[in-house]
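Here the structure comes first, spelled out in structure tokens, and everything after it is commentary.
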Amino acid sequence: MTALADPHTALAAFAGERARLRALAYRLLGSVAEAEDTLQDAWLRWSAVAPGSVGSAPAFLTTLVTRLALDRLRSARVARERYYGLWLPEPEVSGWESDAQDGADPESVPLAMLLLLERLAPDQRAVFVLREAMDLDYAEIAATLGKSVEACRQIMRRARARLAEPAATISDPDAGRRLADAFADASVRRDYAAIVALLSDDAQWLSDGGGMVRTAVNPLFGADRIARFLMGVQRKRGVGFGFVPVRVNGGPGLLAELGGSFRSVLAFDIAPFGDTGGRIRRIYQIANPQKLEHVPGLGGTSVQ
Numbered sequence: 257m258t259a260l261a262d263p264h265t266a267l268a269a270f271a272g273e274r275a276r277l278r279a280l281a282y283r284l285l286g287s288v289a290e291a292e293d294t295l296q297d298a299w300l301r302w303s304a305v306a307p308g309s310v311g312s313a314p315a316f317l318t319t320l321v322t323r324l325a326l327d328r329l330r331s332a333r334v335a336r337e338r339y340y341g342l343w344l345p346e347p348e349v350s351g352w353e354s355d356a357q358d359g360a361d362p363e364s365v366p367l368a369m370l371l372l373l374e375r376l377a378p379d380q381r382a383v384f385v386l387r388e389a390m391d392l393d394y395a396e397i398a399a400t401l402g403k404s405v406e407a408c409r410q411i412m413r414r415a416r417a418r419l420a421e422p423a424a425t426i427s428d429p430d431a432g433r434r435l436a437d438a439f440a441d442a443s444v445r446r447d448y449a450a451i452v453a454l455l456s457d458d459a460q461w462l463s464d465g466g467g468m469v470r471t472a473v474n475p476l477f478g479a480d481r482i483a484r485f486l487m488g489v490q491r492k493r494g495v496g497f498g499f500v501p502v503r504v505n506g507g508p509g510l511l512a513e514l515g516g517s518f519r520s521v522l523a524f525d526i527a528p529f530g531d532t533g534g535r536i537r538r539i540y541q542i543a544n545p546q547k548l549e550h551v552p553g554l555g556g557t558s559v560q
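See below:
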């Protein structure tokens, strides 16, 4: 039994699991703010648990966070259906150099994967995340969700069928960083040919302004259209871009300024090196200010 003899013991047990629980909540919700709120709710409930009543703190907390996140996810899905324009997950942003020694955070998840998870119903998403990301067996998943083992297996099969497109991964973070830097340089120079050369022929530009800032409401398809869009924004507004390299969900990204004012976070989905030469196949622009309140550099934390 896990004895929670005093508040300090309860706090230590929760703190030891916090990083894992946050990763779980973020994968389920696609929102940094919602994940943090879920952990706060979980802590309040955990701190009220009677001492000695829990057999396994990690299992209890996994169940608690999963169920709290699912409640939020079901409500969030209704709001996302009414969302203005394209909905993108909230980005996790860190300074590029801050993770240079150890590489990308192993708990990070690409935006492309989070966007794929939006295809799943809440229960499918929970089973998929618990199995693939948290590495729980089906008996543990069944106990967490209050379902049978066979039901969880069936849910997983349906989830995998809906996730036909594998999430993008990048085996060489430094090469990804060089592509992002080259994209930033070409955009600042307004070099149409250089921008096009960095993009795959079927590249996509996906913007999320939430109806609060001006962005491309509809996705942009093709290297030519994306390059013309980037040049047109600067020409029409009479100002230029500025960029700061960062990690976004563990991969290459940029903080983007326009005319000296912070505008958005850019994340890059890069085709495998050796396939299309490591060109950029998707650019995610998160510009909704409500999704950027936690971004380092805006909330008081510097970006190195």
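Numbered per the working numbering, the sequence shown spans residues 257 to 560. For each residue, glycine too, the CB sits at the ideal point set by N, CA and C.
Distance between residue j and residue i (C-alpha atoms, nearest Å)
i       : j       : result
Val-495 : Leu-486 : 12 Å
Gly-341 : Ala-472 : 9 Å
Arg-381 : Pro-314 : 20 Å
Arg-491 : Glu-513 : 15 Å
Arg-434 : Ala-335 : 37 Å
Ser-309 : Met-369 : 37 Å
Val-383 : Leu-367 : 19 Å
Ser-287 : Gly-351 : 19 Å
Glu-549 : Lys-403 : 37 Å
Phe-499 : Leu-511 : 5 Å
Trp-343 : Val-521 : 14 Å
Gln-410 : Leu-300 : 34 Å
Glu-406 : Asp-293 : 32 Å
Gly-311 : Met-412 : 27 Å
Arg-446 : Pro-345 : 29 Å
Arg-274 : Leu-295 : 8 Å
Tyr-339 : Arg-481 : 25 Å
Other residues of its chain near residue i: CB distance less than 6 Å, five sequence neighbours each side excluded
i       : result
Glu-290 : Arg-328
Val-469 : Ala-543
Arg-537 : Ser-456, Ala-459, Asp-525, Ala-527
Tyr-282 : Ala-291
Ala-269 : Ala-313
Residue i, buried or exposed, once every other Cβ within 10 Å from all chains shown has been counted against 16
i       : result
Arg-493 : exposed
Ser-331 : exposed
Leu-464 : It is Asp, not Leu, that sits at residue 464 in the sequence shown. The residue is buried, with at least 16 neighbouring Cβ atoms inside 10 Å.
Phe-439 : buried
Pro-475 : exposed
Gln-541 : buried
Contact check, residue i vs residue j, beta carbons under 8 Å
i       : j       : result
Pro-347 : Ala-523 : yes
Gly-509 : Ala-436 : yes
Gly-466 : Gln-546 : yes
Val-587 : Pro-501 : The requested residue 587 is not part of the displayed model; the chain covers only 257 to 560.
Leu-208 : Val-321 : Since the first residue of the chain shown is 257 and the last is 560, residue 208 is not available in this structure.
Ala-483 : Val-452 : yes
Leu-324 : Leu-372 : no
Ala-298 : Leu-326 : no
Trp-302 : Ala-271 : no
Ala-398 : Cys-408 : yes
Arg-535 : Leu-462 : no
Other residues of its chain near residue i: CB distance less than 8 Å, five sequence neighbours each side excluded
i       : result
Arg-333 : Pro-378
Ala-389 : Ala-279, Leu-280, Arg-283, Val-365
Arg-375 : Arg-418, Leu-419
Leu-392 : Thr-318, Leu-386, Thr-400
Beta carbon proximity, residue i to chain B, threshold 8 Å
i       : result
Tyr-339 : Absent here is chain B; the protein component of the structure consists of one chain.
Beta-carbon proximity list for residue i, same chain, < 7 Å, skipping 5 on both sides
i       : result
Ser-364 : Glu-348, Asn-505, Gly-506
Ser-443 : Ile-451, Leu-486, Phe-497
Tyr-448 : Ala-483, Met-487
Ala-395 : Val-405
Ranges of the alpha helix (DSSP H) found wholly within the stretch 465-519, counting only runs of at least 4: Within the stretch 465-519, the runs of alpha helix (DSSP H) that reach at least 4 residues and sit entirely inside it are, in chain order, 479-493.
Contiguous alpha helix (DSSP H) assignments of at least 4 residues, all confined to the stretch 266-327: Those alpha helix (DSSP H) runs which fall completely within the stretch 266-327 and span 4+ residues are 288-303.
Those runs of the alpha helix (DSSP H) which lie wholly inside the stretch 358-444 and span at least 4 residues: For the stretch 358-444, whole alpha helix (DSSP H) runs of length 4 or above, ordered along the chain, are 367-373, 378-384, 394-401, 405-418.
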